[in-house]
Amino acid sequence: MSDQPGRTRFLTVVEVADVMRVSKMTVYRLLHSGELPAVRVGRSFRVPQDALDHYLRTARVEPGQQDEGRLSS
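Residue numbering for the sequence shown follows the working numbering, starting at 3 and increasing by one per position.
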């Protein structure tokens, strides 16, 4: 697939997991929760590169923030 201007590049779940350095299961959780948008192709998901870039830019945790629902020790 060539990178042509105006064309969206779609990534597989494995490719997204590799970029984010997480498991495939983590990517599936993000997809099913709606945190990371995707399109369905048959039984597979494809994530637009732009959506992944946006997620990574905006899903930052500031120092001192805690995950909601997690207990601090």
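A virtual CB, placed ideally from N, CA and C, is assigned to each residue, including glycine.
C-beta atoms of V43 and V29 nearer than 9 Å: No. Outside cutoff.
Contact under 9 Å by Cβ, A19 with L38: no
Range of the contiguous alpha helix (DSSP H) that encloses V15: V15 to M22
Bridge partners - R48, DSSP secondary structure assignment: V41
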